[in-house]
Every structure is written in structure tokens, then in C-alpha cells.
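Colleague:
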Amino acid sequence: MKEAKELNEKKIKIIPLGGLGKIGMNITAFEYEEQIIVVDCGISFPEEGMLGIDLVIPDVSYLIENREKVKAFFITHGHEDHIGALPYVLKEINVPIYATKLTQGLIELKLKEHNLITKVKRKVVRHGQTINLGSFRVEYIKTNHSIADSSALAISSPAGIIVHTGDFKIDYTPLFGETINLQRFAELGKKGVLALMCDSTNAQRAGFTVSEKIVANTFKSIFSENKKNRIIVATFASNVDRVQQIINTAFDFGRKVVIQGRSMINVIQVAVELEYMIIPENIIIDVEQMKNYPDNQLVIITTGSQGEAMAGLSRMADSTHRTISIRPGDQIIFSSTPIPGNEKAVSKVVNELAMKGAEVIYQDTHVSGHACQEELKLIYSLVHPKYAIPVHGEYKHLQAQQKIAKMMRIEDKNIFVLQSGNVLELSEKEGKIAGQVRAREIYVDGLGIGDVGNIVIRDRQMLAENGLIIIIIGLEKFSNHVVSGPDIISRGFVYVREADELMAKIKHNVQQSLECCMKKNKMDWGKIKATIKEDLSDYLWKEMKRNPFILPIIIEMDR
Numbered sequence: 031m032k033e034a035k036e037l038n039e040k041k042i043k044i045i046p047l048g049g050l051g052k053i054g055m056n057i058t059a060f061e062y063e064e065q066i067i068v069v070d071c072g073i074s075f076p077e078e079g080m081l082g083i084d085l086v087i088p089d090v091s092y093l094i095e096n097r098e099k100v101k102a103f104f105i106t107h108g109h110e111d112h113i114g115a116l117p118y119v120l121k122e123i124n125v126p127i128y129a130t131k132l133t134q135g136l137i138e139l140k141l142k143e144h145n146l147i148t149k150v151k152r153k154v155v156r157h158g159q160t161i162n163l164g165s166f167r168v169e170y171i172k173t174n175h176s177i178a179d180s181s182a183l184a185i186s187s188p189a190g191i192i193v194h195t196g197d198f199k200i201d202y203t204p205l206f207g208e209t210i211n212l213q214r215f216a217e218l219g220k221k222g223v224l225a226l227m228c229d230s231t232n233a234q235r236a237g238f239t240v241s242e243k244i245v246a247n248t249f250k251s252i253f254s255e256n257k258k259n260r261i262i263v264a265t266f267a268s269n270v271d272r273v274q275q276i277i278n279t280a281f282d283f284g285r286k287v288v289i290q291g292r293s294m295i296n297v298i299q300v301a302v303e304l305e306y307m308i309i310p311e312n313i314i315i316d317v318e319q320m321k322n323y324p325d326n327q328l329v330i331i332t333t334g335s336q337g338e339a340m341a342g343l344s345r346m347a348d349s350t351h352r353t354i355s356i357r358p359g360d361q362i363i364f365s366s367t368p369i370p371g372n373e374k375a376v377s378k379v380v381n382e383l384a385m386k387g388a389e390v391i392y393q394d395t396h397v398s399g400h401a402c403q404e405e406l407k408l409i410y411s412l413v414h415p416k417y418a419i420p421v422h423g424e425y426k427h428l429q430a431q432q433k434i435a436k437m438m439r440i441e442d443k444n445i446f447v448l449q450s451g452n453v454l455e456l457s458e459k460e461g462k463i464a465g466q467v468r469a470r471e472i473y474v475d476g477l478g479i480g481d482v483g484n485i486v487i488r489d490r491q492m493l494a495e496n497g498l499i500i501i502i503i504g505l506e507k508f509s510n511h512v513v514s515g516p517d518i519i520s521r522g523f524v525y526v527r528e529a530d531e532l533m534a535k536i537k538h539n540v541q542q543s544l545e546c547c548m549k550k551n552k553m554d555w556g557k558i559k560a561t562i563k564e565d566l567s568d569y570l571w572k573e574m575k576r577n578p579f580i581l582p583i584i585i586e587m588d589r
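According to our numbering, the sequence shown is numbered sequentially starting from 31.
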């Protein structure tokens with residue numbers, strides 16, 4: 031009688047510190063005994079209510095607390111939601127970064143901006159190459175995505191092999207480069223894969239993701255049908271293959287190309303230097319040279335496809351761009367899909383462009399870089415994982431992949447829909463959530479990192495929604511007699527010049543509060559401020575059903 035195979039009881043911990051429950055901010059730690067490696071380190075963009083916030087980075091307190099264990103960052107590709115937080119995190123945890131050539135080039139752009147380029151070790155990795163690092167062995171596998179040089183990772187440890195797909199799709203006819211290395215996924219499946227961590231972004235969509243060739247044909251049709259009009263194309267700066275398509279089409283139709291947006295210019299420069307883009311000679315012109323060419327000989331490639339306020343297209347739309355004005359007849363192509371949360375901003379830009387007489391085109395001008403349901407099923411059938419761990423996406427996306435994993439005969443108990451901060455412990459014998467670490471969002475506001483928290487955001491929201499009333503009172507030293515004021519300053523509450531009567535009532539209300547405090551011998555300024563704030567807040571709510579931010583200020587004065 032054949033003996034049953036003895037199960038490997040060695041355990042590995044998988045700790046997602048971001049990227050689950052929302053789009054972006056992807057970062058996952060893998061811990062085996064006294065060693066940690068980290069996959070990706072991205073940002074997410076602020077949501078509508080995050081007033082004044084520039085970007086959001088993950089809380090890496092757990093890595094900082096265990097910095098002696100952290101050995102390296104392994105990056106799957108060069109999108110912001112996978113590399114954007116590196117400069118902030120590397121200031122705390124300076125370890126080598128492993129990435130493919132274009133990804134490393136984009137990372138270096140960020141490190142230069144933060145004066146870290148000479149301080150951080152960087153290693154360029156080829157697809158098919160394996161990096162040995164302590165108990166870990168990490169192999170880079172070629173995939174397709176909306177940026178060149180994207181990779182899946184096969185992470186081997188004494189506990190088993192974990193396959194992390196990164197962001198991917200299966201494109202059998204990519205315009206540039208090779209197709210995804212499905213053979214390697216199958217070989218790993220035959221060896222035995224402990225867990226599959228798979229991109230969930232398009233897990234709700236049936237079928238297959240369309241090939242980039244569809245977009246190439248659309249561009250040709252648009253250029254062919256608009257031989258008399260100027261063409262403006264908005265896309266992601268990092269979508270190198272898409273930018274190459276646009277430039278190639280412009281060349282075929284005898285047009286000059288103007289590049290707008292600092293990030294777009296930087297990415298193209300890196301891609302050309304690393305030979306991921308080939309720019310025909312003399313096709314790129316400076317924005318100042320546009321006046322030398324008629325509209326039908328121009329193509330403008332710009333940032334702003336997500337409605338970002340300071341991006342090139344947004345500034346053209348609201349007439350604040352220094353050199354480019356939208357004219358009737360301009361053909362404006364949105365070659366991207368709005369990231370969840372950006373729909374309103376994109377719609378605003380589209381409406382502003384239409385009001386200026388431009389025609390906005392977005393039908394068949396973009397294909398997703400993420401795998402749909404049939405592609406996910408194919409990966410599962412090749413890899414045959416024991417455990418399924420959906421990653422990258424909102425809860426609804428993770429849940430959709432959970433259903434696919436069940437369909438592919440992964441046992442319910444072996445599918446883990448995690449939250450950021452969960453500590454998942456896996457061995458061949460069992461998998462379980464064995465703890466929780468801190469995994470919150472850190473807000474970046476200008477040069478401030480983490481100094482703006484939820485309380486400050488709530489204050490900003492309240493100020494934005496309800497306005498501000500400042501009350502300035504001068505009190506005599508020791509006696510607390512009123513020497514001056516109360517003076518009332520209003521911002522964002524009512525238009526003061528047309529509200530004399532209301533301002534007088536507010537002043538009267540404050541005077542009554544002060545008299546009440548004097549009668550009760552309230553000498554503590556904190557208590558006086560609290561009384562003024564409470565009384566005025568009650569009055570304004572009863573009178574106007576408004577709740578402005580009230581800020582009493584007391585100044586000590588000599589009579």
C-alpha cells in the first residue's frame with residue numbers, strides 16, 4: 031500500500047500592508063523566520079473628501095519595527111500604485127530594489143527627485159532570472175500589462191512556492207514585446223504551488239481582455255477621418271506602449287507631436303534612453319513651435335486623462351494652460367478608463383472641453399491592462415494552487431475572484447479574502463489568519479508626511495462644507511473685563527457685506543455668553559471659549575440649520 035505524502039509543515043507569513051479593499055497602494059510583505067521581502071510599494075490617489083491631500087502612502091510601521099529582517103523590495107512593474115511610495119519608505123528602510131529595466135528607470139526618476147539616487151542599491155532583473163536572498167528565491171516571469179516590462183513573481187521558500195501575478199492580462203497579439211510566458215506558469219503548476227496571489231481588478235468582467243491591436247486600429251480610423259483637425263490624446267504617462275502607438279500613427283499621417291505634462295516628458299525620456307520607445311527623427315516639436323504648423327499637422331499627447339486638476343488637459347479645459355487653447359473642431363481622445371473615484375473629475379473636464387467646441391472621443395480608445403474572468407481561470411488551471419489569495423482591488427473585486435477560485439475547485443477553507451494588515455500564515459498542512467498588524471493610510475500634503483490625519487481631514491471637510499466664524503475678544507489682564515470686541519470674522523459662511531443684521535445678532539449672542547461667564551465667575555479662558563462656541567453653535571443651528579466651524583480667540587490686554 032502506497033504511503034501518503036508527508037505534508038510540509040514549514041510556515042510562511044503573508045502580510046498585505048495595502049492594496050486590498052481599494053484601488054492602489056499595493057504592498058505585501060513575505061516573512062519566513064527572520065527574513066522579510068516586500069513586493070511592490072505603491073501610492074493611491076486621494077479620494078474626493080481628502081481635501082488638500084496630494085497622495086496616500088501605506089503605513090509601514092511593521093517593516094520599520096522589523097527593519098533588520100527586511101532584505102529587499104521586489105517590484106512587479108512601473109505604475110504609481112506599485113512604485114510611488116518607494117522614496118518615502120526607503121528613507122526609513124534602505125534596502126536594495128529589484129526590478130526589470132524600464133521599471134528600474136522609472137524608480138530612478140523618483141529617487142532623483144528625493145535625492146536618494148546615490149543612497150539606494152538597485153538591481154536590474156531580466157525575465158527568467160532568479161534572485162537568491164537568504165531563505166527566499168524570487169523568479170521574474172514575463173507578463174502583459176499596460177506598461178512594458180511587467181512581471182509576475184514566483185517566490186520560493188522552504189514553505190513552498192507562492193505565485194504573485196502582479197497586474198496582468200493575457201494578450202496573444204501584443205503590439206510590442208513578447209506575450210505572457212504561460213509555459214512557465216504551467217511548469218510551476220507541475221512542481222506544486224502553495225498559493226496564488228492573483229490580480230482581481232477585472233474579476234467581475236466576463237470573457238477576455240481585448241488586445242492592444244484594437245486600440246491601434248481605432249487610432250488609425252480617427253486620424254484618417256480627421257485630416258483637417260488638430261488631435262489631442264490624453265493617456266497615462268506610464269503607458270509607454272500606448273504613447274508609442276500614438277507617435278507611430280502621427281508619423282504615418284505626417285503629423286508633428288507635442289508632449290505635455292512633466293511626468294509624460296520624463297517617462298518618454300527614460301523609455302527612449304532604455305530603448306523601450308523608438309521616436310522617428312524630427313517628429314517631436316516644442317510647444318512654442320506649434321504656431322509654425324497648421325492644425326491638421328499636429329498631435330498633442332498630454333497627461334490629464336483622470337481629470338487631475340493640475341494636469342495638462344485639465345488646464346487646457348479650464349483655459350489656464352499657458353500656451354495651448356482648445357479650439358472648436360479639436361478632436362480630443364481619452365485613451366484611458368477613469369480610476370474609481372475619478373469619474374466626476376473626468377466628467378467635468380469632458381463637459382468643459384465640449385463647451386469649447388471640441389469633440390471628445392473615448393469609444394475603443396483604451397483597453398484594460400487587467401485580466402478578465404476567462405484569463406483568471408486559465409492562470410488557475412495552469413498553476414493549480416493549494417491556496418487562493420485574491421489581491422489588487424476593492425472588496426467587490428476580491429469577492430468576484432473568490433467565486434472564480436471556487437469554480438476552479440479551490441476549497442472554501444483555502445481561499446482567503448484578506449484585509450490590509452491581516453497576517454496570513456500558510457503551510458501545506460493549513461492556512462489561517464494568525465494576527466493583525468497596523469496598516470492604515472498615511473496622507474502626504476506638500477512636504478508634510480503623516481502630519482495630516484483623519485481629524486484634520488474632518489476639520490477641512492467641515493470648513494469646506496460649512497465655513498468658518500472667528501471671534502476675537504480682548505480681555506483685561508487679571509479681571510477678564512472686555513476691553514475690545516467681540517469682533518466677528520466670517521469666511522465661507524455668509525457674504526458679510528450683505529449680512530449686517532446676522533453679524534449683529536452673532537455679536538449680541540457672543541456678548542450674552544461673555545456676560546453669563548462673568549456672572550458665574552468663569553475665569554478660565556478655555557471654559558469661556560467653550561461656552562461661546564456652544565452657545566453660538568446652538569443659536570446658528572436654530573436660526574439657519576447651519577453648523578460653521580467656530581473659532582473663539584481671546585487676547586490678553588492692558589486697559
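C-beta: ideal position from N, C-alpha, C; glycine also. This one's a predicted model, so the numbers in the text were calculated from it and none came from an experiment.
Leaving out the 5 sequence neighbours to the left and right, which residues in its chain are closer than 6 angstroms to H351 when beta-carbon positions are compared?
Modeller: R345
Colleague: Assess contact between the region 121-128 and the region 171-180, defined as three or more Cβ pairs (one per stretch) separated by less than 8 angstroms. Is contact present?
Modeller: By the criterion of at least three beta-carbon pairs nearer than 8 angstroms, the region 121-128 is not in contact with the region 171-180.
Colleague: Can you give, in chain order, each stretch of the alpha helix (DSSP H) that sits fully within the region 211-298 and has at least 4 residues?
Modeller: 212-221, 243-255 and 270-282
Colleague: Using CA atoms only, rank isn't needed, just tell me which of G164, C228 and N372 is closest to I434.
Modeller: The alpha carbon of I434 has as its nearest neighbour, out of G164, C228 and N372, the alpha carbon of C228.
Colleague: I need the straight-line Cα distance from E63 to E217, nearest angstrom please.
Modeller: 27 angstroms
Colleague: Assuming L343 and K286 are in contact, meaning their beta carbons sit under 8 angstroms apart, how far apart are those beta carbons, in whole angstroms?
Modeller: Wrong, their Cβ atoms sit about 19 angstroms apart, outside the cutoff.
Colleague: Rounded to the nearest angstrom, what separates Q65 and A115 at their Cα positions?
Modeller: 22 angstroms
Colleague: Using DSSP bridges, identify the partner residues of G190.
Modeller: S187
Colleague: Quick one: measure Cβ to Cβ for V413 and V193, integer angstroms, because I've assumed they're closer than 8 angstroms.
Modeller: About 6 angstroms separates the beta carbon of V413 from that of V193, a gap short enough to meet the 8 angstroms contact definition.
Colleague: Would you grab the beta carbon distance between I314 and I289 for me? Rounded to a whole angstrom, and I think it's under 8 angstroms.
Modeller: 7 angstroms
Colleague: Determine contact between the region 373-388 and the region 220-240, defined as no fewer than three beta-carbon pairs at a distance below 8 angstroms.
Modeller: Too few Cβ pairs lie closer than 8 angstroms, so no.
Colleague: So, is K10 buried or exposed, given that buried needs 16 or more other C-beta atoms within 10 angstroms?
Modeller: Here the chain comprises residues numbered 31 to 589, so residue 10 is not present and cannot be evaluated.
Colleague: Which first and last residues belong to the beta strand (DSSP E) in which P88 is found?
Modeller: L85 to P88
Colleague: How is I330 classed by DSSP in three states: helix, strand or coil?
Modeller: strand
Colleague: Between S91, T130, C71 and L532, which lies nearest to F103 when the distance is taken from Cα to Cα?
Modeller: If we check each option's Cα against that of F103, C71 comes out closest.
Colleague: For I44 versus L454, is the C-beta distance shorter than 8 angstroms?
Modeller: If you check the CB distance, I44 and L454 come in under 8 angstroms.
Colleague: If the criterion is Cβ atoms closer than 8 angstroms, does the pair T279 and K250 meet it?
Modeller: yes
Colleague: Is there contact here, the region 243-261 with the region 310-326, by at least three beta-carbon pairs under 8 angstroms?
Modeller: yes
Colleague: Considering only their Cβ atoms, is the gap separating V155 from A129 smaller than 8 angstroms?
Modeller: For A129 and V155, yes; Cβs fall inside 8 angstroms.
Colleague: Quick check: what's the CA-CA separation for N211 versus I409?
Modeller: 11 angstroms
Colleague: Near V302, which residues of its chain fall below 7 angstroms by C-beta distance, leaving aside the five closest residues on each side in sequence?
Modeller: I309
Colleague: Return helix, strand or coil for S377, following the three-state DSSP convention.
Modeller: helix
Colleague: Name the residue from V90, P188 and P578 whose alpha carbon lies nearest to the alpha carbon of N496.
Modeller: When only C-alpha atoms are compared, the closest one is P578.
Colleague: Thinking C-beta only, is P88 closer than 8 angstroms to L448?
Modeller: no
Colleague: Could you tell me which of I580, Y425, A560 and M533 sits nearest to G51, measuring between CA atoms?
Modeller: Y425
Colleague: Sorted by chain position, which residues of the same chain lie with C-beta nearer than 7 angstroms to H422's C-beta, five sequence neighbours on each side aside?
Modeller: G49, N56, D197, D229, S230 and T231
Colleague: Count the other CB atoms, across all protein chains shown, that sit within 10 Å of the CB of H538; report buried if there are 16 or more and exposed otherwise.
Modeller: exposed
Colleague: Helix, strand or coil: which one does DSSP assign to M533?
Modeller: M533 carries a helical assignment under DSSP once its states are collapsed to helix, strand and coil.
Colleague: So who's on the other strand from Q319, going by DSSP bridges?
Modeller: Per DSSP, none; premise fails for Q319.
Colleague: For M587, report the span of its beta strand (DSSP E) as first-last.
Modeller: F579 to M587
Colleague: Since I331 and V263 should fall inside the 8 angstroms C-beta cutoff, what is the C-beta to C-beta distance between them, to a whole number of angstroms?
Modeller: Correct: roughly 5 angstroms between the Cβ atoms.
Colleague: Should I73 go down as buried or exposed, given a rule of 16 or more other Cβ atoms within 10 Å for buried?
Modeller: buried
Colleague: Closer than 6 angstroms by C-beta to T248: which residues in its own chain qualify, once you throw out the five before and the five after it? Chain order, please.
Modeller: D394 and T395
Colleague: Which whole-angstrom value describes the C-beta separation of K153 and V125, a residue pair presumed to lie in contact below a C-beta threshold of 8 angstroms?
Modeller: For a cut-off of 8 angstroms, the C-beta gap from K153 to V125 is around 11 angstroms, too long to register as a contact.
Colleague: Could you check what DSSP says for K459 in three-state terms: helix, strand or coil?
Modeller: coil
Colleague: Would you give the residue range spanned by the alpha helix (DSSP H) that P117 belongs to?
Modeller: L116 to L120
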